[in-house]
Every structure is written in structure tokens, then in C-alpha cells.
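Peer 1:
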Amino acid sequence: MKHLKLITLSVVTLAVTLTACKNTITENTNDEQDTTAQNAVNSEARKVFYSLPSPMELSSLLQKSGSKFDKQNLHDLKAVDHYNTNDSRALNLGVYGADLSYTSVFDQTQETMQYLKAAQKLSDALGISSAFNKNVVERIQTNMNNKDSLMNIISDSYLETDAFLNENERQNISALIISGGWIEGLYLSSKMAFVAPKNDVLLGRIAEQKLSLDNLLGLLGAYQQHESIKDLTVQLNELKAIFATIELASVETTVSVDPKTKTTTLGSDAKTNTLNEEQLKNIAAKVAEIRTSITK
5 MKHLKLITLS VVTLAVTLTA CKNTITENTN DEQDTTAQNA VNSEARKVFY
55 SLPSPMELSS LLQKSGSKFD KQNLHDLKAV DHYNTNDSRA LNLGVYGADL
105 SYTSVFDQTQ ETMQYLKAAQ KLSDALGISS AFNKNVVERI QTNMNNKDSL
155 MNIISDSYLE TDAFLNENER QNISALIISG GWIEGLYLSS KMAFVAPKND
205 VLLGRIAEQK LSLDNLLGLL GAYQQHESIK DLTVQLNELK AIFATIELAS
255 VETTVSVDPK TKTTTLGSDA KTNTLNEEQL KNIAAKVAEI RTSITK
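Using my numbering, you'd call the opening residue of the sequence shown number 5 and step up by one each time.
Set out below in C-alpha cells:
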């Protein structure tokens, strides 16, 4: 479900850090605690990022599954003006970012520009206009027929967004952006899994999001003082309960030794992960419910 990285594409490497404590009396102790906490949160951010498929893998996945573009699966562009809080803007910047990547993968030029404008509007409202400034828009227009370059430009824009937010101690906004993107990616993937001619690979990637969800919840755990993140965590834990019914295949490591060259080779015998129709329906229903709650 590289649709998920479309997300992460849209939300990429969240190097989330915690604000340093400034108590001068216990400065050394607090510094150590802050460093430990910061490393823990950064670790969760990296886990979320690396557990998501890459743009190239997304393209390959879509080709293998026989998926076709369906505009009806995208978030309503007219809703972009309805978000009047930073939390709702951040969540939906992630959603629109995922849709932006989705349209790019399917070479939908007109829709790509429309979702770019939506992402630009929300980033402006969040005070991070540099993410989709005039230069970025011009680069996207110039590379509209170069899918690889286009995906890289979009990724770079979100990386810049993340860097800005972290520098300005707005890590909770970054966490919401990546959450919105992850949710939309899972939503799109589950929708396609019902109709894709060859959906085995899609089903496998959806099943593997069981691990990504654990990492995402770990990331959000650092910001439970924010009501919107606390509420979202409750919903994601309900989704986690559904994923708990999925048993992921174990990966067996194999070691082979070439008797002639005396070289040792490590390999793996990975069984394909999948989920049954009922599990897919339950996941799709819950993620659609969560999506509705954050996009309404």
C-alpha cells in the first residue's frame, strides 16, 4: 500500500522533537530526560516513515494490481475552505497531500493541479506557505509529464514543511499532517482493493499497516495533551483492534555457505501477508469512519 507512502510522500520524514526543558535548577537532569524523550519520538517518526512504501513501489504496486483511477475516491476540493482551526487544517493537508500523490501516480494533470492548490491553501493558512510557493508550483507544472520528478518535488515540499514546523516547535502539527496522510492512504488502498483485478499485493500491503499503525500511535503518544490528537488516538485504537485479528506471516532468515568461495549469504523466506474479505470490509469501514470525522 504504497498509497501509504503517497501519504508519507505527502507527509514524509517527521523528525519530531520535544521542546527542551528550561529549568535552570535541574538543568542537567532535564537535559538528559529531554534527550531521551526526543530520541524516543524521533525513533517513532522514523518507524512510521520507513514502514511506508516508496513512490516507485507505489507505481509498481498499482500496475501489478491493475488499479484504475477513480476520482470519486478523492476528498472534496470544495471542503478546503471549511477548515478553520490549525488542527483540522493539518489533518486535511495530509489528506489532500495523499490525494495529490494519488492523482500524480495516475497522471491526472488537471486533478494534480487542483489538489496542489488545495494543499497550498491549507499550508498558507498554517503559516507554512513556503511548502507550495510559486517556485514549487512552477516546478510541478514543468515536470507534469515526468512522474518521478513530480513525486520528488511533492516529497521535498513536505520535507520543507516538516522542517519548518519542527524549527518553530509545532511538532504536533507535523504529527497531524502525517496522520491525515496515513488515513487517506489506507482509505484509498482499501477502496481499490475491492475492485483491483489483481489485489493480492494490495491486500498484503494493507495487512502490513498493522505495524505502521503501531508506529503511528507511538508517535501520537507524545502529544496527548492536545485534544484533537487525543480524540484521534481513540479512533485509531479502535482500528488497531480490527488489525489485531490479522496474523502477519513471520520471516524466516536463511543462511547459505558456498563451499567453493567460502562466502556466507543471508536470505529470507518471507510468506505473503494477506487478509480475508471480512477483515478488509471491517478495516475499510473503520478507516472511512475516521476519514469522515477528520474531513467533515
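Backbone N, C-alpha and C define an ideal beta-carbon position, used for all residues, glycine too.
Note that the coordinates shown come from a computational prediction; the quantities given were computed from them, not determined experimentally.
Between the alpha carbons of LYS138 and LEU120, how many angstroms are there, rounded?
Peer 2: Walking along the sequence shown from the start, residue 138 turns up at place 134. Walking along the sequence shown from the start, residue 120 turns up at place 116. Roughly 11 Å separates the two Cα atoms.
Peer 1: Short of 8 Å in beta carbon distance, which residues of its chain neighbour ILE246, apart from the five on each side in sequence? Order them along the chain.
Peer 2: Counting from 1 along the sequence shown, the entry for residue 246 is found at position 242. Contacts found: GLN283, ASN286, ILE287 and LYS290.
Peer 1: Look at the Cβ atom of VAL84, then the Cβ atom of LEU130, and state whether they are nearer than 9 Å.
Peer 2: The residue you call residue 84 lines up with position 80 of the sequence shown. The residue you call residue 130 lines up with position 126 of the sequence shown. Contact: no.
Peer 1: Given a threshold of 16 other Cβ atoms within 10 Å of its Cβ, counted over all protein chains shown, does GLN229 qualify as buried or as exposed?
Peer 2: Residue 229 sits at position 225 when you count from the first residue of the sequence shown. With fewer than 16 other Cβ atoms within 10 Å, it is exposed.
Peer 1: Is THR296 helix, strand or coil by DSSP?
Peer 2: Taking the sequence shown and counting its residues from 1, one reaches residue 296 at position 292. In the structure shown, THR296 sits in a helix (DSSP, three-state: H, G or I).
Peer 1: Alpha helix (DSSP H) containing ASN219: first to last residue?
Peer 2: Taking the sequence shown and counting its residues from 1, the one referred to as residue 219 is at position 215. Start and end: 204 to 224.
Peer 1: Mapping DSSP to helix, strand and coil, what is TYR87?
Peer 2: The residue labelled residue 87 in the question sits at position 83 within the sequence shown. Note: TYR87 maps to coil in three-state DSSP.
Peer 1: According to the neighbour-count rule (16 or more other Cβ atoms, all chains shown, within 10 Å of its Cβ), is GLN124 buried or exposed?
Peer 2: Taking the sequence shown and counting its residues from 1, the one referred to as residue 124 is at position 120. Classification of GLN124: buried, given that the 10 Å Cβ count is 16 or more.
Peer 1: Closest to SER194 by CA distance: which of ALA179, ARG295 and ASP235 is it?
Peer 2: Along the sequence shown, read from residue 1 onward, the residue named residue 194 stands at position 190. Ranking the options by Cα distance to SER194, first place goes to ARG295.
Peer 1: Within its chain, find whatever has a CB closer than 7 Å to the CB of LYS68; leave out the 5 residues flanking it on each side and keep chain order.
Peer 2: One-based indexing of the sequence shown puts residue 68 at position 64. Cβ neighbours of LYS68 beyond the five flanking positions: LYS202 and VAL205.
Peer 1: Is the region 207 to 225 touching the region 181 to 197, taking contact as three or more C-beta pairs under 8 Å?
Peer 2: A contact exists between the region 207 to 225 and the region 181 to 197.
Peer 1: Under 8 Å Cβ to Cβ from GLU227, same chain only, skipping five residues before and after it: list those, please.
Peer 2: As a first step, residue 227 is located in the sequence shown; it is residue number 223 there, counting from the start. Before going further, note that residue 227 is Tyr rather than Glu in the sequence given. Taken in chain order, the residues that qualify are GLN175, ASN176, ALA179 and ILE233.
Peer 1: By Cβ distance, which residues of its chain are closer than 6 Å to THR237, with the 5 residues on each side in sequence left out?
Peer 2: The sequence position of residue 237 within the sequence shown is 233, counting from 1. So the qualifying residues of the chain are LEU224.
Peer 1: State the start and end residues of the unbroken alpha helix (DSSP H) segment that holds VAL238.
Peer 2: Start at 1 with the first residue of the sequence shown, and residue 238 comes out as number 234. It spans 231 to 247 - the alpha helix (DSSP H) in which VAL238 sits, taken as one unbroken run.
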